[in-house]
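Chains A and B are the protein sequences, given in the same order. Going by my numbering, the first residue of the first sequence is number 108, and it counts up by one from there. Going by my numbering, the first residue of the second sequence is number 45, and it counts up by one from there.
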Amino acid sequence: MIKKEMIAMLLAGGQGSRLGVLTSKVAKPAVSFGGKYRIIDFPLSNCINSGVDTVGVLTQYQPLRLNSHIGIGIPWDLDRNIGGVSVLPPYEKITKTDWYTGTANAIFQNIDYMESFNPEYVLILSGDHIYKMDYEVMLDFHKEKGAEATIAVMPVPMEEAKRFGIMITDEDRRITDFEEKPEHPRSNLASMGIYIFNWKTLKEALLTNQEQSGLDFGKHIIPYCHKNGAPLYAYEFNGYWKDVGTLHSYWEANMELIDIVPEFNLYEEYWKIYTKTEILPPQFLADTGFVERSIIGEGSEIYGKVYNSVIGCGVTIGKDTIVRDSIIMNQAKIGSGCELYKTIVAEAAVISDGVKMGIGDEFPNETDPHIYNSGLVCVGEQSFIPAGVTVGKNVCIFGRTEAKDYPDNQLPSGRTLIVKAGDVE
Amino acid sequence: MAGGNSYRMKELSEKRAVCAMPIAGSYRSIDFALSNMTNSGIQKVAVLTQYNAGSLNEHLNSSKWWNFGRKQGGLYVFTPAVTADNNFWYRGTADSIAQNLSFLKNSHEPYVVITSGDCVYKADFNKVLEYHIEKKADITVVCKDMPADVNVERFGTVKMNEDSRIEEFEEKPVVAKSNTISCGIYVVRRRQLIEMIEKSIEEDRYDFVKDILIRYKNIKHIYGYKLTSYWRNIATVEDYFSTNMDFLKKDIRDYFFNEYPDIYSRVDDLPPAKYNVGAQVRNSLISSGCIVNGTVENSVVFKKAYIGNNCTIKNSIILNDVYIGDNTYIENCIVESRDTIRASSNYVGEDGIRVVIERNDRFVI
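In C-alpha cells form, the structure reads like this:
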C-alpha cells in the first residue's frame, strides 16, 4: 500500500508579469537565477533535502521550459518508483473543465493525485522564492502544536508589512487573526506562501469551497479554516528568503550572490541546490579577459572584462567588452567592443559587436514604468541586437531587432522595443 | 579496460587508476571512451577494473550520466572475483576478459569493441565497425600516425601493407620500425573473441596484445583503421600535463565541447565559479565550484578549488577540491586532488612538472 507522510504541491503556473519580457516565453519558476539555476530549483531542492520525495508541480502558463527542466526529476533525485515529481497541468473533465483559477483551485483540481499517496500532511509551496528551508522542521512544529494548518511567516520591517499578508498570533504562535496588505499592520509577521495542512482538513476545505471562483489559499481557505475554529499556527522562519517578483528584486537577489560571503550561500556543503546541468565543460578565461566580483557558469568563454555580474552557462563575452552589474543568462552571446551596464540579457540572446547598453540619463519607461525601472535594461530571450547601437536605461528589448529599429543607432532611455515575429504573441 | 596502473604516472597513480584521472577541468579520462560508446549507439558496456578503483567506482556510481542503464544493455563494472574455479587477480588484459567470459557468452550482440579508458579522443565506433565488415577482418585495430618527433617506444607500433592489413606489431619497441601506433581500440566478432580468449587461457597466455594480436597476426586477418582526429594517451605525467594544457587551445575546446557529439560526465551539482576582488585569471580553464581570489595564468583548475588571496598560479594543473592558502606561489606543478596548501607556500617545478602532494589538515566548516 502506498503511504507518504507528507507530499508537496508546488504552484508553478504563474506568469510573473512583473518580470516583463523575462517571462514572455517561460513561466516565472523557470526563469534563470544565479548563473546556472532556475527559480524552481530552490523549492525542489528544499523538498528533497527535507526528505519530501513526492512533489506535484502545478503548471499552467508557458510550461514547456518547466516541463523539460523537470523531466522525470533526475537532477533532484526525484525520479522515484513511488512518488517522485509529477507535472500536473489543468486537464479536461466531463463537467466543469477549467483552467486553474486560483492557487487553491489548482490544488482542488488535483485532489485525486494527492489522495493516491494517502498522505497525513500536504505541503503547499510556490515556485517563485529564493530560500533554503527545512520543511521537516516546520512539520515537527506543526505536529508539536497539534495544528491543522501551519503557515510559514517571516518577520519583516514594520513599514514594509503593508505589502504582505500579515498574521497576528498569540504568545504560543497560534494565529488569532490575519490581514491582507493592511494599512496599519498589527504585526510584522508576513506570510511566505508556504503552508502545511492536515490532509483531512485541506480536503474538507477544498470540497466545501469548490464553487468559490478564483479559490485562493490566503483569501478563502485560511479564513474558512479559521472561521471553523481549526488551530492555525505561524511558523517563524528567520533565514534568507527573497521574493524575486519584480525585475529590481530579481536583479538585487542575483547581485547578492557575488558578495564575498553572500547571505545566501550556494557553497555550503550540507544543503545543496540541484539543477539540470546540460553544459559540463569548464569555463575559459582568455588572456584578454578579466573577471572580478562575479560568478560564472560552466562552459562560458570570457574574452572581455566582467565586473559585479552573474553569468550563466555557455555564455560568450567578446574581446574589449565591459560587462558591469549585469545578469547574462545561459547561452547568450555578447560580441566584442560592447559595454553593458545594469543589463539583464535573457537566454540565448545575441548582442552584436560594439553595442552599448544602459547609457545616459534615466527616464521612466514609456509603456510599463512599474516593470522596467531602477535603470535596468532588459533583453528578452533569443533577441538579437544589431551592431553598433547605443541603448539607454529603463529599456526593454525583445525579438530579432534590426538596425532600422534604432534611428541614428540609438534607443533612448525609457523605450520599449518589441519586435513581433510570427511566433511571438 | 580500466584496470591498469602506470608507473609513469608516478605519484598521481597512487590515488587512482589512470582511467579515473581528471581531465580538462570537469571530466575523467574514462568519460571519453564511455561517451564515444554511448554516442556510437553501444548500449551494453562492461568496465573491467582492478587497480585502485575507488575513484573510478565513485565516478561510475550511476550509469545515467552516459545514458546507459536502459532495459536493453547497461553499464557493468567487473572487478576480479574469487570463484569456485578462479582465485587470481586479472593476470593480463586477455585474462580480464577470460574471467568475465560468461558475460560475453550470455550476450547476443555480434561484435565487441575493446578500448582502454586512458585516452582522450572522439571516435565513432560505427565507422570502425563498417570498416571491419568491409575488410572482412578478424580483428580491427584503431591506429594513429604519430608525428616523426614523437617517441613511440611506450606504445605498440604497427606496420600495415597497402591493403591496411597489419604485418608487424611490436609492443613497446626499443627501435620502432614505424610511427603508426595502436590506440588500444579493437573491434572483433564476439564469437571470434571468445574462441581466441579460451584458447589463450588454455595455453596460460594472458595478454591481449602479445598473446592474441601479435601471435595471430599471420593467421588471422588483422586490419588497421586509421584515426585522423585528435587522440592522446595520458599514461605519463608529461602526457597528462600536456593533454590538459591542450584544452587551453580554442580549436581543441571547440572540438570537444562545442561540436556534436558531446562528452558526458558525472554531474556534481556544484555552484558556479566565483571570482572575488583580487582575482586575475588569464588564459585558464576554471571549473564549477571554484572560488578564486588570486592570480591564475595558463592553468587548468578543476572543480571546487579554493585559491586564496594574493596567490599566483602559473602554468599548473590544480586538481579537484584543492585548498590553496593565501600568498602561495605555484608554477609548473600538478597539485593532487584534495590537497591543502598552507599559506605562503612556494612550489615550482624546476625541470619538468612537479607533482605536489600535501596532506595538511583542513578546517572544514
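Note that beta-carbon positions come from the ideal geometry of N, C-alpha and C, so glycine has one too. These numbers come from a predicted model, not from an experiment.
Can you find a C-beta in chain B that's less than 8 Å from the C-beta of residue i?
i: A/THR384; result: yes
i: A/GLY425; result: no
i: A/TYR381; result: yes
i: A/LYS239; result: no
i: A/PRO389; result: yes
i: A/ALA455; result: no
i: A/GLU399; result: yes
i: A/ALA393; result: yes
i: A/LEU373; result: yes
i: A/LYS349; result: no
i: A/GLU405; result: yes
i: A/LYS143; result: yes
i: A/ASN402; result: This sequence places Ile at residue 402 of chain A; Asn is not what is there. Closer than 8 Å: yes.
i: A/ILE155; result: no
i: A/GLY396; result: yes
i: A/ILE367; result: yes
State the DSSP-derived secondary structure class of residue i, mapped to helix, strand or coil.
i: B/GLY118; result: strand
i: B/ILE397; result: coil
i: A/PHE140; result: strand
i: B/TRP308; result: Reading off the sequence shown, one finds Tyr at residue 308 of chain B, where the question assumed Trp. DSSP places B/TYR308 in coil when its eight states are reduced to three.
i: B/LYS203; result: strand
i: B/VAL89; result: strand
i: B/SER151; result: coil
i: A/GLU532; result: Here A/GLU532 scores only 44 on pLDDT, less than 50, and its place in the model is too uncertain to base an answer on.
i: A/ILE189; result: coil
i: B/THR356; result: strand
i: A/HIS291; result: coil
i: A/GLN517; result: strand
i: B/TRP133; result: coil
i: B/ASP370; result: coil
i: A/SER298; result: strand
i: A/ILE181; result: helix
Looking at the unbroken beta strand (DSSP E) that takes in residue i, where does it start and where does it end?
i: B/TRP275; result: 275-277
i: A/PHE248; result: That residue, A/PHE248, is in no beta strand (DSSP E); its alpha helix (DSSP H) goes 242-252.
i: A/PHE397; result: 397-399
i: B/ARG233; result: 224-233
i: B/CYS163; result: 163-165
i: A/PHE505; result: 502-505
i: A/ILE177; result: Segment 171-177 is the alpha helix (DSSP H) holding A/ILE177; no beta strand (DSSP E) there.
With a threshold of 8 Å between beta-carbons, can residue i be considered close to chain A, or not?
i: B/ARG406; result: no
i: B/LEU329; result: yes
i: B/GLU301; result: According to the sequence provided, residue 301 of chain B is Phe. The question's Glu does not apply to it. Cβ-Cβ to chain A under 8 Å: yes for B/PHE301.
i: B/PRO315; result: yes
i: B/TYR95; result: no
i: B/SER309; result: yes
i: B/VAL321; result: yes
i: B/SER343; result: no
i: B/SER332; result: yes
i: B/ARG326; result: yes
i: B/ARG297; result: yes
i: B/LYS108; result: yes
i: B/LYS318; result: yes
Measure the CB-CB distance between residue i and residue j and report whether it falls below 8 Å.
i: B/ARG60; j: B/GLN87; result: no
i: A/ALA211; j: A/GLY120; result: no
i: A/SER459; j: A/PRO493; result: yes
i: A/PRO388; j: B/SER70; result: yes
i: B/SER73; j: B/VAL172; result: no
i: A/SER131; j: A/PHE391; result: no
i: A/CYS503; j: A/VAL133; result: no
i: B/VAL399; j: B/ILE378; result: yes
i: A/ILE451; j: A/VAL486; result: yes
i: A/LEU313; j: A/PHE215; result: yes
Under DSSP, the alpha helix (DSSP H) around residue i begins and ends at which residues?
i: A/ILE218; result: 218-222
i: A/GLN317; result: Unbroken run through A/GLN317: none, as it is neither H nor E.
i: B/GLY98; result: 98-103
i: B/TYR175; result: 169-178
i: B/VAL281; result: 281-290
Does any C-beta atom of chain C lie closer than 8 Å to the C-beta of residue i?
i: A/ILE109; result: In the structure shown, chain C cannot be found, because the protein chains are A and B.
Exercise. Which of the residues in the segment 58-85 of chain B, read from start to end, lie with their CB under 8 Å from any CB of chain A?
Worked result: ALA68, GLY69, SER70 and TYR71
Problem set entry | Residues within the segment 161-187 of chain A neighbouring chain B, beta-carbon criterion of under 8 Å | ILE181 and PRO182
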